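Enquirer: The structure under discussion is supplied below as structure tokens; questions concerning it will follow.
Numbering (UniProt numbering), first residue to last: 1 to 289.
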């Protein structure tokens, strides 16, 4: 890759060629971490791939959806997805996306996460990522550059995990029901309705759904509603409008669900994110499966 700091722009074919070039370059790069910026157009899809380095995929602007065999994860603005080395994944852009990725060698430091997770980006980490992309990439670093990248690596284990995963069942009928729900979430969908649509008894459905996702339908449904709500709240939409659009009978019912899932009210969560330097903002729309 002749210019490791190149920002991707252009049509799908050009982006595809540049991706192939970047992945080949990454496999040859040395040093514990490499930071690369990428600009993506709305709707662009990075096909399934893997790399030998772990990736901290940071959505500086925009919303991305990461899909693996283990489920789907939404990465809102100023959050990041930790993708361990060797994990096959694809990425979908929801709106124009300004992405900053840090590719980390396995065992670069102690305490790096072992599994997939979405994390909040603190103000310190935000500054380190922005600064790191200005450094020489692909070689051994010295002096200030080594200190910046070293601090960035040591901050990764300290990033707060966010419960924004949404595992999908492997059975096609169940997965299709989940896709339809994500496209139009509602808190009123019942187990009996889902079981009937899947052609299963209530008991068989609940067992199969939990076995394949690790979650009850109720918890999974609440996660999906959060997927739809968070980008809109981060964009400054009123809580009342978001709650009613998602089918909640009242704002208190929506706030109760939100607090149960994220440990704070919508206002408290967004205020905490801003105070932590996450500065929620968003380009793009609700997730469509």
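We put the CB at the ideal spot given by N, CA and C, even for glycine. Predicted, not measured: the structure shown is a model, and the values here were computed from it.
(1) Hey, which unbroken runs of the alpha helix (DSSP H) at 4 residues or more fall wholly within the UniProt domain "HTH araC/xylS-type" (172-272)?
(2) Using three-state DSSP, classify residue 109 as helix, strand or coil.
(3) Can you pull the DSSP bridge partners for residue 121?
(4) Using C-beta distances below 7 Å, list every residue in its chain close to residue 205, excluding the 5 sequence neighbours before and after it, in chain order.
(5) Helix, strand or coil for residue 163 per DSSP?
(6) Return the CA-CA distance between residue 276 and residue 170, expressed in angstroms with no decimal places.
(7) When you compare the segment 108-120 with the segment 157-169, are there three or more beta-carbon pairs, one atom per stretch, that lie closer than 8 Å?
(8) So which of 78, 87, 90 and 144 has the shortest CA-CA distance to residue 125?
(9) Among 189, 66 and 20, which residue has its Cα nearest to the Cα of residue 318?
(10) Report all residues from its chain with a CB closer than 6 Å to the CB of residue 255; omit the five preceding and five following residues, and keep chain order.
(11) Looking only at its own chain, which residues have a Cβ that is under 6 Å from the Cβ of residue 226, when we skip the five neighbours before and after it?
(12) Could you have a look at residue 89 and say whether DSSP puts it in helix, strand or coil?
(13) Which of the three DSSP states is assigned to residue 127 in this structure?
(14) Contact defined as beta carbons within less than 8 Å: I believe residue 53 pairs with residue 93. What is the distance between those atoms, to the nearest angstrom?
(15) Would you mind giving the Cβ-Cβ distance between residue 96 and residue 41, rounded to the nearest angstrom? I have them listed as a contact below 8 Å.
(16) Per DSSP, what kind of secondary structure is residue 98 in: helix, strand or coil?
(17) Once DSSP output is grouped into helix, strand and coil, what is the label at residue 286?
Expert: Taking the definition as stated:
(1) 172-183, 191-198, 202-213, 217-234, 239-245 and 251-262
(2) For the purposes of this step, residue 109 is identified with residue 109 of the chain shown, where counting begins at 1. Correct three-state label for residue 109: coil.
(3) Within the chain shown, residue 121 is the residue found at index 121, counting from 1. Within the DSSP secondary-structure output, residue 121 pairs in no beta bridge.
(4) Here residue 205 is taken as the residue at index 205 of the chain shown, counted from 1. Cβ within range, chain order: 191, 194, 195 and 198.
(5) For the purposes of this step, residue 163 is taken as residue 163 along the chain shown, with counting starting at 1. Of the three classes helix, strand and coil, the one that applies to residue 163 here is coil, per DSSP.
(6) The residue labelled residue 276 in the question sits at position 276 within the chain shown. The residue labelled residue 170 in the question sits at position 170 within the chain shown. Low confidence applies here, because residue 276 scores a pLDDT of 47, under 50, leaving its location unreliable; read the following figure in that light. Each residue's alpha carbon lies about 37 Å from the other.
(7) yes
(8) Taking the first residue of the chain shown as position 1, residue 125 is located at position 125. Of the listed residues, the one whose Cα sits closest to residue 125 is 78.
(9) Residue 318 is absent from the model: the chain starts at 1 and stops at 289.
(10) What you label residue 255 is simply residue 255 of the chain shown in a count that begins at 1. Correct list, in chain order: 265.
(11) Start at 1 with the first residue of the chain shown, and residue 226 comes out as number 226. Apart from sequence neighbours up to five positions away, the residues of its chain that approach residue 226 with a beta-carbon distance below 6 Å are 261, ordered along the chain.
(12) Stepping through the chain shown from its first residue, residue 89 is reached at position 89. In the structure shown, residue 89 sits in a strand (DSSP, three-state: E or B).
(13) For the purposes of this step, residue 127 is taken as residue 127 along the chain shown, with counting starting at 1. Reduced to three states, the DSSP call for residue 127 is helix.
(14) In the chain shown, residue 53 corresponds to position 53, counting from 1. In the chain shown, residue 93 corresponds to position 93, counting from 1. That belief does not hold up - the Cβ atoms of residue 53 and residue 93 are roughly 21 Å apart, past 8 Å.
(15) Counting from 1 along the chain shown, the entry for residue 96 is found at position 96. Counting from 1 along the chain shown, the entry for residue 41 is found at position 41. Between residue 41 and residue 96 the Cβ distance is about 6 Å, and since that is below 8 Å, they are a contact.
(16) Locating residue 98 in the chain shown gives position 98, counting from the first residue. Correct three-state label for residue 98: strand.
(17) On the chain shown, position 286 is the one that residue 286 refers to. Model confidence at residue 286 stands at a pLDDT of 29, short of 50, so the residue's coordinates are unreliable; what they give is reported in the following sentence. In the structure shown, residue 286 sits in coil (DSSP, three-state: anything other than H, G, I, E or B).
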